[in-house]
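Visitor: Under the working numbering, the first residue of the sequence shown is numbered 1339, with each subsequent residue one higher. Ideal Cβ placement from N, Cα and C applies to all residues, glycine included. From a predicted model like this one, the values you see are computed outputs, not experimental measurements. Below you will find the structure I want to go over with you.
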Amino acid sequence: MPTSDTNEETDLSRRQLLTYAGSTGAAATFVAGAGCVGGGDGDDGDDSNDGDSTGDYDLLIYRDDQNRLIPRLATDWERVGEQEVSFELREDVQFHDGRDLTAEDVAFTLERSGNPEVSAIGDLIGNITGGRVEDGAPVIELGSVVPAIFNNLTAFGRILNQEWFEELDGDITTEINGTGAFQFEEFVDDTRVRYSKYDGYWGDDAPDFDEVTFTNIPEGGPRVDALLSGDSDLIVNVNPNNIADIQDTGGLEVKNQASTRNVFLQMNDVFEHFQSREFRLAMNYAVDVESIVDSVLNGFGNPTAQVLLEGHTGHDPELEPYPYDPERAENLIEESGFAGTELTLHTPVGRYLGDVDVADAAAGQINELPNVSCTVERRDFGTLVGEILSTDQSDAPMFSLLGWSTPTFDAAYTMNTFFIDGIWRQYRNDELEQLLIEADNLPPGEERTELLQEASRIVHDEAAWVFMHQQESIYGVNSERIDWEPREDEDIRATDMTRA
């Protein structure tokens, strides 16, 4: 049996740099930041920044560039009961080892993916309790209504071959067998993974390149150097300060797209001062998010007032970002009874756009208050996430800069993760939790949306996070070698790229 918990963990763990080599010798190289190759996002569960870039495993459902649900391995899907969904599968699909895709494979994969005891994404995919085959179709059993189940399956549920999986005596991260356009060739530690074009691919979007390699370069400067030197053809998380260097180089250009990722400061209420609403409010008033976006990120980003972004189910358009008001912040700290508190803000390095600079700026503004102090500790992303998810939260960081995307465009993915009892929750509010549980047992529609908007208002009014900004995805692209456009959901799909 495989030693890794789930193919989702595999797919989340290796998307940092991509290299495409065509049969004529043309190569395209794609570089991303920290936290994926070698086990970052497989642990944090946040799939969204990685996209479906490797192209080795397939999902049942995709999104098009307008974020509409479109067929992938499933040609149709429907609810066949309040807590059951069924899929019609595409015919003549084969795994890379030559075995046919079956309904049994889908039922097995999704049942296993929904089991948190063996799956890294069990708490995210949507309360899947079982899978069976009925009249030749996979039927998935749910533990509740799970109104966002089809949205969830655009991000999770990469289909495994059941027989192959049960026969496998090795590590699923290095023994890969999917139905996608690329098949696995080589994995080198935490730095590089290489794929080749799969000639038996079922889709009409066959890749324009014969080979693709993903390599991890955590630091922003070396990523830009790789692009400028011609070693890379696409890099992500370009620091705004490096944009001119790219634009001034012939054949290179910068492309940007507002993403589904929300950057925020998470306050752990195991620590007494963060149990105080006044103290949490003070943190929001102490940080001048607008100036950070303008000066640190050169305008690449939008200040936020809530967990959910515009266009996501549950977003409340009436909520406004907290204004910068250091005097009010100072007074609120006095009211909280926690004057003199010493804070340490933990930030990953190279995981999000300008993460260290943003953390330094926010902590510096908090530290300017006369009755509280704040310093920054730079952290390896995987180590930081491991501590945040510690079963003993007294050992977890009290204050962390994080970014979280909502690739499902639905509140449940993010709100349930952070505010219903589970490994990510660091803010506890019984009223909020009950609202979210109630919403998760309603079908899609106006009543559910209104409940989720009420939940958004609670999160804002109670200052559950220090709300920062919507991340702008900034890419450096060798436009003489590849033709590609970024997506809002941050997917970097190999099959979307063509030779220039």
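Determine the extent of the alpha helix (DSSP H) in which Asp1698 is found, giving its start and end residues.
Guide: For this step, residue 1698 is matched to residue 360 along the sequence shown. Unbroken alpha helix (DSSP H) run through Asp1698: 1693-1705.
Visitor: Any contact of the stretch 1710-1725 with the stretch 1670-1686, i.e. 3+ C-beta pairs under 8 Å?
Guide: Yes, they touch.
Visitor: Helix, strand or coil for Gln1791? Go by DSSP, reduced to three states.
Guide: Counting from one through the sequence shown, the residue named residue 1791 turns up at place 453. Gln1791: helix per DSSP, three-state reduction.
Visitor: Leaving aside the five residues before and after Ala1777 along the sequence, list all residues of the same chain whose C-beta is less than 6 Å from its C-beta, in chain order.
Guide: The sequence position of residue 1777 within the sequence shown is 439, counting from 1. Contacts found: Arg1786, Leu1789, Leu1790.
Visitor: Thr1833 to Leu1397, Cα distance in whole Å?
Guide: Against the sequence shown, residue 1833 aligns to sequence position 495. Against the sequence shown, residue 1397 aligns to sequence position 59. So the alpha carbons of these two residues sit roughly 14 Å apart.
Visitor: What runs of the beta strand (DSSP E), each 3 residues or longer, lie entirely inside the stretch 1378-1458?
Guide: Fully enclosed beta strand (DSSP E) runs of 3 or longer: 1399-1401, 1407-1409, 1412-1419, 1422-1427.
Visitor: How is Ala1366 classed by DSSP in three states: helix, strand or coil?
Guide: Here residue 1366 refers to the residue found at position 28 when the sequence shown is read from its first residue. Low local confidence applies: a pLDDT of 46 at Ala1366 is under 50, so the model's placement there is unreliable, with the coordinate-based value given in what follows. It is a strand residue.
Visitor: CB Thr1517 to CB Val1431, shorter than 9 Å?
Guide: Here residue 1517 refers to the residue found at position 179 of the sequence shown. Here residue 1431 refers to the residue found at position 93 of the sequence shown. Cβ atoms of Thr1517 and Val1431: closer than 9 Å.
Visitor: Find out if the Cβ-Cβ distance for the pair Ser1811, Asn1579 is shorter than 9 Å.
Guide: Your numbering for residue 1811 matches position 473 in the sequence shown. Your numbering for residue 1579 matches position 241 in the sequence shown. No.
Visitor: Using the Cα positions of Glu1445 and Asp1527, report the straight-line distance between them to the nearest angstrom.
Guide: Along the sequence shown, read from residue 1 onward, the residue named residue 1445 stands at position 107. Along the sequence shown, read from residue 1 onward, the residue named residue 1527 stands at position 189. Checking the sequence shown, residue 1445 turns out to be Ala, not Glu. Distance between the alpha carbons of Ala1445 and Asp1527: 32 Å.
Visitor: For a minimum of 4 consecutive residues, which ranges assigned as the alpha helix (DSSP H) are wholly contained in the stretch 1623-1708?
Guide: The stretch 1623-1708 contains these whole alpha helix (DSSP H) runs: 1664-1674, 1693-1705.
Visitor: Take the Cβ of Thr1836 as the centre, count every other Cβ of all protein chains shown within 10 Å, and call the residue buried at 16 or more, exposed below.
Guide: Taking the sequence shown and counting its residues from 1, one reaches residue 1836 at position 498. Thr1836 should be labelled exposed.
Visitor: Report yes if the C-beta of Val1456 is less than 8 Å from at least one heavy atom of the ligand MG; otherwise report no.
Guide: Among the ligands in the structure shown, none appear at all, so the ligand MG cannot be discussed.
Visitor: For Ile1775, is the classification buried or exposed, using 16 other Cβ atoms within 10 angstroms of its Cβ as the cut-off for buried?
Guide: Numbered from 1 along the sequence shown, position 437 holds the residue referred to as residue 1775. With fewer than 16 Cβ atoms within 10 Å of its Cβ, Ile1775 is classed as exposed.
Visitor: If we call anything under 9 Å between Cβ atoms a contact, is Asn1489 one with Leu1407?
Guide: Locating residue 1489 in the sequence shown gives position 151, counting from the first residue. Locating residue 1407 in the sequence shown gives position 69, counting from the first residue. Yes.
Visitor: Taking the continuous beta strand (DSSP E) assigned at Ile1463, which residues delimit it?
Guide: By one-based count along the sequence shown, residue 1463 stands at place 125. Where Ile1463 is concerned, there is no enclosing beta strand (DSSP E), given that its DSSP letter is neither H nor E.
Visitor: Classify Ser1361 as helix, strand or coil using the three-state DSSP reduction.
Guide: Here the question's residue 1361 lines up with position 23 in the sequence shown. Caution applies to Ser1361, whose pLDDT of 28 falls short of 50 and renders its modelled position unreliable; the value that the coordinates give is listed next. Correct three-state label for Ser1361: coil.
Visitor: Taking the straight line between their C-alpha atoms, what separation do you get for Thr1752 and Leu1770?
Guide: Here residue 1752 refers to the residue found at position 414 when the sequence shown is read from its first residue. Here residue 1770 refers to the residue found at position 432 when the sequence shown is read from its first residue. Each residue's Cα considered, the two are about 13 Å apart.
Visitor: Which residue or residues does DSSP assign as beta-bridge partners of Glu1479?
Guide: Counting from 1 along the sequence shown, the entry for residue 1479 is found at position 141. Glu1479 is bridged to Glu1422, Gly1468.
Visitor: Should Ile1497 go down as buried or exposed, given a rule of 16 or more other Cβ atoms within 10 Å for buried?
Guide: Indexing the sequence shown from 1 puts residue 1497 at position 159. Answer is buried; the Cβ neighbour count reaches 16.
Visitor: When the Cβ atoms of the stretch 1666-1679 are set against those of the stretch 1608-1620, are three or more pairs found closer than 8 Å?
Guide: Yes, the stretch 1666-1679 touches the stretch 1608-1620.
Visitor: Under 6 Å Cβ to Cβ from Asp1754, same chain only, skipping five residues before and after it: list those, please.
Guide: On the sequence shown, position 416 is the one that residue 1754 refers to. According to the sequence shown, residue 1754 is Asn rather than Asp. Leu1774.
Visitor: Considering only their Cβ atoms, is the gap separating Gly1692 from Leu1635 smaller than 9 Å?
Guide: What you label residue 1635 is simply residue 297 of the sequence shown in a count that begins at 1. What you label residue 1692 is simply residue 354 of the sequence shown in a count that begins at 1. Contact: yes.
Visitor: When you compare only the Cα positions, how much space is there between Asn1696 and Val1627?
Guide: In the sequence shown, residue 1696 corresponds to position 358, counting from 1. In the sequence shown, residue 1627 corresponds to position 289, counting from 1. One point to set straight first is that residue 1696 is Val, not Asn, in the sequence displayed. Roughly 9 Å between the two C-alpha positions.
Visitor: Out of Thr1729, Glu1706, Ile1704, Leu1740, which one is the CA nearest neighbour of Arg1717?
Guide: Sequence index remark: in the sequence shown, residue 1717 carries index 379 (1-based). Closest by alpha carbon: Leu1740.
Visitor: Taking just the CA atoms, how far does Glu1455 sit from Asp1563?
Guide: Here residue 1563 refers to the residue found at position 225 when the sequence shown is read from its first residue. Here residue 1455 refers to the residue found at position 117 when the sequence shown is read from its first residue. In a straight line, the C-alpha of Asp1563 is about 42 Å away from that of Glu1455.
Visitor: Is the beta carbon of Gly1649 closer than 9 Å to that of Phe1747?
Guide: Looking up residue 1747 in the sequence shown gives position 409. Looking up residue 1649 in the sequence shown gives position 311. In contact: Phe1747 and Gly1649 (Cβ atoms closer than 9 Å).
Visitor: Can you tell me where the alpha helix (DSSP H) holding Ala1564 begins and where it ends?
Guide: In the sequence shown, residue 1564 corresponds to position 226, counting from 1. Segment 1558-1566, the alpha helix (DSSP H) holding Ala1564.
Visitor: Could I get the ranges of all uninterrupted beta strand (DSSP E) runs contained in the stretch 1723-1799, with 3 residues as the minimum, in chain order?
Guide: Listed in chain order, they are 1737-1743.
Visitor: Could you spell out the range, first to last residue, of the beta strand (DSSP E) harbouring Trp1502?
Guide: Here residue 1502 refers to the residue found at position 164 when the sequence shown is read from its first residue. It is not in any beta strand (DSSP E) - Trp1502 instead sits in the alpha helix (DSSP H) that spans 1500-1505.
Visitor: Under the three-state reduction of DSSP, which class applies to Phe1552: helix, strand or coil?
Guide: Along the sequence shown, read from residue 1 onward, the residue named residue 1552 stands at position 214. If DSSP states are grouped into helix, strand and coil, Phe1552 belongs with the strands.
Visitor: Straight-line CA distance for Arg1401 to His1611?
Guide: Numbered from 1 along the sequence shown, position 63 holds the residue referred to as residue 1401. Numbered from 1 along the sequence shown, position 273 holds the residue referred to as residue 1611. Approximately 42 Å between the Cα atoms of the pair.
Visitor: Exposed or buried, Glu1828, counting other C-beta atoms within 10 Å across all chains shown (16 or more means buried)?
Guide: The residue labelled residue 1828 in the question sits at position 490 within the sequence shown. When all chains shown are included, Glu1828 counts as buried.
Visitor: Check for me: the alpha helix (DSSP H) holding Ala1596 runs from which residue to which?
Guide: For the purposes of this step, residue 1596 is taken as residue 258 along the sequence shown, with counting starting at 1. No alpha helix (DSSP H) holds Ala1596; the beta strand (DSSP E) holding it covers 1590-1605.
Visitor: Just how far apart, CA to CA, sit Asp1839 and Gln1613?
Guide: Outside the shown range of the chain, which is 1339 to 1838, sits residue 1839, and nothing can be said about it.
Visitor: Would Asn1600 and Val1645 qualify as a contact pair, given that the criterion is a beta-carbon distance under 9 Å?
Guide: The sequence position of residue 1600 within the sequence shown is 262, counting from 1. The sequence position of residue 1645 within the sequence shown is 307, counting from 1. Cβ distance < 9 Å, so Asn1600 and Val1645 count as in contact.
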